[in-house]
Amino acid sequence: MEKKVGLTSSEIAQIWGSYMNASLTSTVLSYFLEKVEDEDIHSVLKQAYTLSQSALEKLSHLFKQENKPIPIGFTNEDVNLNAPRLYTDNYFLQYTYQMGMLGMASCSLAISMSTREDIYQFFSESLRKFNELHEKAMAVSKSKGVYNSPPSIPTPDEVDFVKKQSFLTGWFGERRPLTTLEIANLYGNLQHNSLGVATLTGFSQVAKSKEVTEYISRGIQIAKKHVNIFSSILNEENVPAPMGSDSMVTDSNDIAPFSDKLMMYHVTEMITLGIGFYGLSISTNIRRDLIANYTRLTGEIALYSEDGANIMIDNEWLEEPPRMVDRDELAKTDKRKE
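Just so we're aligned: 9 in this note's numbering is position 25 of the sequence shown, and the numbers increase by one with no gaps anywhere.
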């Protein structure tokens, strides 16, 4: 039997990240499943939970097969299923909808970076499952009347070409109307930040550590500012912006459903995704004022992310990703035998 080739650095990075994300979501979803009341939304959550549990099982087997340490991730100690309800059923649904969306994006990237057949097939199958989850969450959202559909706008009836350099400008003079791609990016980033505000608001109400509470509260203000910036740009063009998310959080503030460690990791993951979405927006937008906004906001959340990493390091919550051996340290090792 032909020996299986070792994992590449890209594959190790992808399966490690996938394990950590599956560990996070399965822990969070276990709490959601205890609190959800709507049967249709329960079905969506159950599908998402099963997806995460299946991924954990397959990835654990893969780590063992490759003689790699299995990440610790998150355990039952990081969730209190008896804690009061912190979010509404609509939040659970929107969370799962975006989970499907983000899962499809991450699996697509992982597939493009995979060379070994079993890894390629794992992420291909995961992509299909996230696609099914996203489709089901969207269908349920529509049936409940809570789906935020991207805006429909009038567009020219004929093909045209850019004739003036002013197409690129946006700071001074008359601004050209937004392109459909620019609207799509603004709308998507607005939605991500709106759900982020709801998530962080709930976390801030139950975090135990004062340091963590203050850090999360700072994140709420940053996310709200970004929401206001994106909304104002859309409003200037008379494009409707999605509604706020304050109503998706209850007033529970006594017993935390999640550990401070889990909530801090969740926040840093949201920041990572935000930076990725802003980077995509920079690469696909043309108007200079939009690019400047995304660049400035990316720098702001990058600094916020670093502060969060320092808190996690100080509390020994930050699990180190796989890395290359330190050859300088190996060279310094005393190789003389006793």
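No residue lacks a Cβ here, since even glycine has one placed at the ideal position from N, Cα and C.
Span separating the alpha-carbon of residue i from that of residue j
i      : j     : result
I137   : E166  : 12 Å
G283   : T72   : 32 Å
D102   : T80   : 27 Å
A39    : V130  : 29 Å
T164   : Q82   : 21 Å
V196   : L257  : 20 Å
Q31    : R160  : 44 Å
L162   : K208  : 22 Å
M247   : E142  : 50 Å
Q(-2)  : S96   : 11 Å
R69    : E18   : 9 Å
T34    : Y249  : 22 Å
T279   : N269  : 12 Å
M(-15) : D298  : Note on M(-15): pLDDT 41, under 50, position unreliable in the model; the coordinate value appears next. Each residue's Cα considered, the two are about 48 Å apart.
I200   : N237  : 14 Å
Q175   : I266  : 17 Å
K323   : L274  : Residue 323 lies beyond the stretch modelled for the chain, which goes from -15 to 322, so this question has no answer here.
S92    : V20   : 30 Å
P134   : G263  : 20 Å
V277   : I259  : Here residue 277 turns out to be Asn, not Val, going by the sequence shown. Near 13 Å, if we compare the C-alpha coordinates of I259 and N277.
Q78    : I25   : 10 Å
M296   : K245  : 7 Å
S125   : S(-7) : 39 Å
A94    : L111  : 10 Å
E50    : W0    : 13 Å
N177   : H45   : 35 Å
Collapsed DSSP secondary structure at residue i in the structure displayed
i      : result
F242   : strand
V63    : strand
V20    : coil
S131   : Checking the sequence shown, residue 131 turns out to be Tyr, not Ser. Y131 falls in the coil class under three-state DSSP.
V233   : strand
D273   : helix
R280   : helix
V223   : coil
K(-12) : coil
T11    : helix
L302   : coil
R112   : helix
L70    : coil
G263   : helix
E322   : Here E322 scores only 47 on pLDDT, less than 50, and its place in the model is too uncertain to base an answer on.
I297   : helix
F58    : coil
T34    : helix
T268   : helix
T99    : coil
L287   : helix
I(-1)  : helix
Nearest-angstrom Cβ-Cβ length linking residue i and residue j, presumed shorter than 8 Å
i     : j    : result
Y288  : G203 : 6 Å
L43   : Y104 : About 14 Å separates the two Cβ atoms, so there is no contact after all.
G84   : F107 : Going by Cβ atoms, the distance from G84 to F107 rounds to 15 Å, so no, they are not a contact pair.
L170  : I217 : 6 Å
F16   : L29  : 5 Å
D62   : T11  : 6 Å
M232  : Y75  : 4 Å
N173  : F261 : 6 Å
E(-5) : R100 : 6 Å
Delimiting residues of the alpha helix (DSSP H) encompassing residue i
i    : result
I206 : 194 to 220
G84  : 73 to 96
G172 : 164 to 190
E50  : No alpha helix (DSSP H) holds E50; DSSP gives it neither H nor E.
T139 : From DSSP, T139 is part of no alpha helix (DSSP H); its letter is neither H nor E.
Residue i: CB within 8 Å of a non-hydrogen atom of the ligand ADP
i   : result
V28 : Absent from the structure shown: the ligand ADP. Ligands present: none.
The region 204 to 223 / the region 296 to 307 touching (three or more Cβ pairs under 8 Å): No, the region 204 to 223 does not touch the region 296 to 307.
Validate contact between the region 230 to 248 and the region 190 to 210 using beta carbons, cut 8 Å, 3 pairs: yes
Is there contact between the region 105 to 125 and the region 51 to 68, where contact requires at least three CB pairs shorter than 8 Å? no
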